[in-house]
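Enquirer: Taken in order, the sequence shown gives residues 6 to 306; the numbers are from the working numbering.
Even for Gly, the Cβ is constructed at its ideal location relative to N, Cα and C.
Please read all numbers here as calculations on a predicted model, not as lab measurements.
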Amino acid sequence: MNENPTYGEVYAEGRACLTQAGIEEAALDARLLLEYVCGTDRNTLLAHGDRAVSEEECRRFRDLIGKRADHVPLQHLTGEQDFMGLTFLVNKDVLVPRQDTEVLVEEVMKNLHDGMRILDLCTGSGCILLSLLHYSNNCEGVGVDLSAGALAVAKENYRRLREERPEMAAWFLEGDLFAAFADHKLSGAEREAGSGEKFDIIVSNPPYIETDVIGTLMPEVQEHEPRMALDGGADGLIFYRRIAQEAGKFLSGGGKLFFEIGCGQADCVRKIMETAGFEEIQVVKDFAGLDRVAYGSWFRR
Ligand code: GLN
6 MNENPTYGEV
16 YAEGRACLTQ
26 AGIEEAALDA
36 RLLLEYVCGT
46 DRNTLLAHGD
56 RAVSEEECRR
66 FRDLIGKRAD
76 HVPLQHLTGE
86 QDFMGLTFLV
96 NKDVLVPRQD
106 TEVLVEEVMK
116 NLHDGMRILD
126 LCTGSGCILL
136 SLLHYSNNCE
146 GVGVDLSAGA
156 LAVAKENYRR
166 LREERPEMAA
176 WFLEGDLFAA
186 FADHKLSGAE
196 REAGSGEKFD
206 IIVSNPPYIE
216 TDVIGTLMPE
226 VQEHEPRMAL
236 DGGADGLIFY
246 RRIAQEAGKF
256 LSGGGKLFFE
266 IGCGQADCVR
276 KIMETAGFEE
286 IQVVKDFAGL
296 DRVAYGSWFR
306 R
C-alpha cells in the first residue's frame with residue numbers, strides 16, 4: 006500500500022522539519038506553505054486534515070519546506086505579503102513590508118486630505134504609497150527608488166491594485182532620492198496650478214540599520230533581503246540627514262515629512278529634522294511601545 010499522505014500528516018512533517026531547523030514560527034509557516042501549495046485556507050487543517058495530498062503537492066510542499074528550513078523568508082516562497090489589508094507582491098529586490106510600517110501609514114493617513122500630493126522615497130514594493138492612495142480620494146503620488154528591480158515590483162503592485170481602484174494615480178521614478186526629479190518631467194503630477202512639483206506629504210521608510218549591525222540580524226534578513234534596503238550607513242542615519250536637508254524644497258507650505266525610525270533613533274532624527282528647519286516635530290510609538298515614526302511640518306518658503 007502506497008497511499009498518499011493526508012493534509013494533517015504532511016503539515017506535521019513540515020512543522021517538525023522547520024522546528025528542527027530553528028525557524029521561529031515553524032507551525033505557522035508550515036501551515037501557510039501548505040495552504041499556498043494546495044490552494045486551501047486556514048480552516049482546511051482543522052476541518053479536513055484527513056484529505057489526501059497529491060504527489061505533486063507533496064513534492065512542492067517538501068521543496069518549499071526545505072528552502073524555508075534554509076532560512077529563505079516565507080514571503081519569498083509565496084511571493085506576497087499582506088500590508089494594510091492589501092496584498093503586495095514581493096521578491097528579493099524589495100524589503101518585505103513590515104507590520105511596524107503600518108503605524109507610519111496610519112499616522113500619514115491622519116494628516117492626509119483629498120487631493121493631496123504624496124512623495125514616497127525609498128518606495129521599495131510601493132506598499133506605503135499604494136496603501137495611502139488606496140485609502141484616500143483623488144490623491145496622487147510619486148514613488149522613488151534607486152533600484153530598478155524594486156521599481157518593477159512597485160509598478161506591478163500598482164497595476165494590480167488599480168484593477169480595483171482605476172482612479173489611483175501614481176508615478177514611479179528611478180533615482181537617488183530627490184535627484185530622481187532632475188531627469189523627469191512629471192506632466193500629470195504638475196497639473197495643480199501654482200504647486201509646481203511640490204508635495205503636501207513626503208514619507209519614507211529609509212534604510213536605517215547601522216552597517217555593522219546588519220551581520221547580527223536573522224539570516225532571513227541579512228542574507229535574503231536587499232542590503233541597500235537595510236544599510237543606513239555607519240550610524241544608520243544617513244538617509245534621515247539627506248532627506249531632511251532637501252525635503253523643504255519639495256514641500257508646499259505647511260507640508261509634512263514623515264519617517265519610519267528604528268528604536269533608539271528618535272532623539273537623533275528629531276535633531277536632524279529641527280536642524281533642517283522642520284517644526285512641530287512629533288514622535289509616535291508602535292504597538293510594542295517603541296518609537297517608530299517621527300514627523301514634522303515645513304513652514305518656510
Ligand atoms: N518603503 C518600503 C517599505 O517600507 C521599502 C523600505 C526600504 O527599502 N527601506 O517596505
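By a C-beta neighbour count over all protein chains shown, 10 Å radius and 16 as the cutoff for buried, is Arg-122 buried or exposed?
Expert: For the purposes of this step, residue 122 is identified with residue 117 of the sequence shown, where counting begins at 1. With 16 or more Cβ atoms within 10 Å of its Cβ, Arg-122 is classed as buried.
Enquirer: Arg-36 and Tyr-16: beta carbons closer than 9 angstroms?
Expert: The count along the sequence shown starts at 1 and reaches residue 36 at position 31. The count along the sequence shown starts at 1 and reaches residue 16 at position 11. Yes, these two residues count as a Cβ contact at 9 angstroms.
Enquirer: Leu-79 by DSSP, collapsed to three states: which one?
Expert: As a working note, residue 79 is residue 74 in the sequence shown. Note: Leu-79 maps to helix in three-state DSSP.
Enquirer: With a threshold of 7 angstroms on Cβ separation, who are the neighbours of Asp-34 within its own chain once the five nearest residues in sequence on each side are excluded?
Expert: If you number the sequence shown from 1, residue 34 lands on position 29. Excluding residues within five positions, the ones whose Cβ falls inside 7 angstroms are Leu-23, Ile-28, Arg-73, Leu-79.
Enquirer: Leaving out the 5 sequence neighbours to the left and right, which residues in its chain are closer than 6 angstroms to Asp-125 when beta-carbon positions are compared?
Expert: Against the sequence shown, residue 125 aligns to sequence position 120. Within the same chain, Asp-125 has close Cβ partners Ile-133, Leu-134, Gly-148, Val-208.
Enquirer: Is the beta carbon of Ser-152 sitting closer than 9 angstroms to the one on Glu-169?
Expert: Locating residue 152 in the sequence shown gives position 147, where the first residue counts as 1. Locating residue 169 in the sequence shown gives position 164, where the first residue counts as 1. Contact flag unset, no.
Enquirer: Would you say Gly-129 touches the ligand GLN, meaning its beta carbon is less than 8 angstroms from a heavy atom?
Expert: On the sequence shown, position 124 is the one that residue 129 refers to. Yes.
Enquirer: Just reading off the beta strand (DSSP E) that Ser-257 is part of, what are its end residues?
Expert: Numbered from 1 along the sequence shown, position 252 holds the residue referred to as residue 257. Per DSSP, Ser-257 belongs to the beta strand (DSSP E) from 256-265.
Enquirer: Can you tell me where the beta strand (DSSP E) holding Glu-62 begins and where it ends?
Expert: As a first step, residue 62 must be located in the sequence shown, where it is residue number 57. Run containing Glu-62: none in the beta strand (DSSP E); it sits in the alpha helix (DSSP H), 60-74.
Enquirer: Express the C-alpha separation of Trp-303 and Ala-198 in angstroms, rounding to a whole number.
Expert: As a working mapping, residue 198 is identified with position 193 in the sequence shown. As a working mapping, residue 303 is identified with position 298 in the sequence shown. Because Ala-198 carries a pLDDT of 39, less than 50, the predicted location of this residue cannot be relied on, and the following value inherits that uncertainty. Their backbone Cα atoms lie some 20 angstroms apart in a straight line.
Enquirer: Answer yes if the region 235-248 comes into contact with the region 213-223, meaning at least three C-beta pairs across the two stretches below 8 angstroms, and no otherwise.
Expert: yes
Enquirer: Given that a residue counts as buried once 16 or more other Cβ atoms are within 10 Å of its Cβ, and exposed if not, what is Gln-270?
Expert: Counted from its first residue, the sequence shown places residue 270 at position 265. Burial is judged here by how many other beta carbons sit within 10 angstroms of a residue's own beta carbon; Gln-270 has at least 16 and is buried.
Enquirer: What span of residues does the beta strand (DSSP E) with Tyr-300 cover, start to end?
Expert: Residue 300 sits at position 295 when you count from the first residue of the sequence shown. That run of the beta strand (DSSP E) goes 296-303.
Enquirer: Pull up the distance between the alpha-carbon of Gly-238 and that of Glu-85, whole angstroms please.
Expert: Against the sequence shown, residue 238 aligns to sequence position 233. Against the sequence shown, residue 85 aligns to sequence position 80. Approximately 28 angstroms, taken between the alpha carbons.
Enquirer: Identify which residue in Thr-280, Thr-11, Gly-220 has its Cα closest to the Cα of Gly-253.
Expert: The count along the sequence shown starts at 1 and reaches residue 253 at position 248. Gly-253 has its Cα closest to that of Thr-280, out of Thr-280, Thr-11, Gly-220.
Enquirer: Could you check what DSSP says for Arg-247 in three-state terms: helix, strand or coil?
Expert: Position 242 of the sequence shown, counted from the first residue, corresponds to residue 247. In the structure shown, Arg-247 sits in a helix (DSSP, three-state: H, G or I).
Enquirer: Flag this pair as yes or no: are the beta carbons of Ala-155 and Ser-136 separated by less than 9 angstroms?
Expert: As a working note, residue 155 is residue 150 in the sequence shown. As a working note, residue 136 is residue 131 in the sequence shown. The answer is no: Cβ separation not under 9 angstroms.
Enquirer: On the CB-based measure, 16 or more other CB atoms within 10 Å of its CB, does Arg-196 come out buried or exposed?
Expert: Indexing the sequence shown from 1 puts residue 196 at position 191. Residue placement at Arg-196 is flagged as unreliable, the pLDDT there being 41, under the threshold of 50; the coordinate-derived value follows with that caveat. Looking at its Cβ environment, which holds fewer than 16 other Cβ atoms inside 10 Å, Arg-196 is exposed.
Enquirer: So the alpha helix (DSSP H) Thr-92 belongs to, where does it begin and stop?
Expert: Against the sequence shown, residue 92 aligns to sequence position 87. No alpha helix (DSSP H) holds Thr-92; the beta strand (DSSP E) holding it covers 91-94.
Enquirer: Just grab the DSSP bridge partners of Asp-150 for me.
Expert: Locating residue 150 in the sequence shown gives position 145, counting from the first residue. Looking at the DSSP assignment, Asp-150 forms a beta bridge with Glu-179.
Enquirer: Can you tell me which residues form a DSSP beta bridge with Thr-11?
Expert: As a first step, residue 11 must be located in the sequence shown, where it is residue number 6. Partner(s): Ala-57.
Enquirer: Quick one: is the Cβ of Ile-133 within less than 8 angstroms of any heavy atom of the ligand GLN?
Expert: Here residue 133 corresponds to residue number 128 of the sequence shown, with the count starting at 1. Yes, the ligand GLN has a heavy atom inside 8 angstroms of this Cβ.
Enquirer: Smallest Cα separation from Lys-261: which of Asp-55, Gly-90, Tyr-163, Val-298?
Expert: The sequence position of residue 261 within the sequence shown is 256, counting from 1. Comparing Cα positions, the closest option is Val-298.
Enquirer: Where does Ala-326 fall in DSSP's three states?
Expert: Because the chain is modelled from 6 through 306, residue 326 falls outside the range shown and cannot be assessed.
Enquirer: Should Pro-212 be listed as close to the ligand GLN, given that the test is whether its C-beta is under 8 angstroms from any heavy atom?
Expert: Counted from its first residue, the sequence shown places residue 212 at position 207. Yes, since a heavy atom of the ligand GLN falls inside the 8 angstroms radius drawn around the Cβ of Pro-212.
Enquirer: Alpha carbon to alpha carbon, how far is Met-114 from Arg-20?
Expert: One-based indexing of the sequence shown puts residue 114 at position 109. One-based indexing of the sequence shown puts residue 20 at position 15. Those two C-alpha atoms are separated by around 39 angstroms.
Enquirer: Say yes only if the C-beta of Arg-275 is nearer than 8 angstroms to one or more non-hydrogen atoms of the ligand GLN, and no if none qualify.
Expert: Sequence index remark: in the sequence shown, residue 275 carries index 270 (1-based). No.
Enquirer: Which of helix, strand or coil does DSSP assign to Gln-270?
Expert: Taking the first residue of the sequence shown as 1, we reach residue 270 at position 265. Looking at Gln-270 - three-state DSSP - the assignment turns out to be coil, as it is neither helix nor strand.
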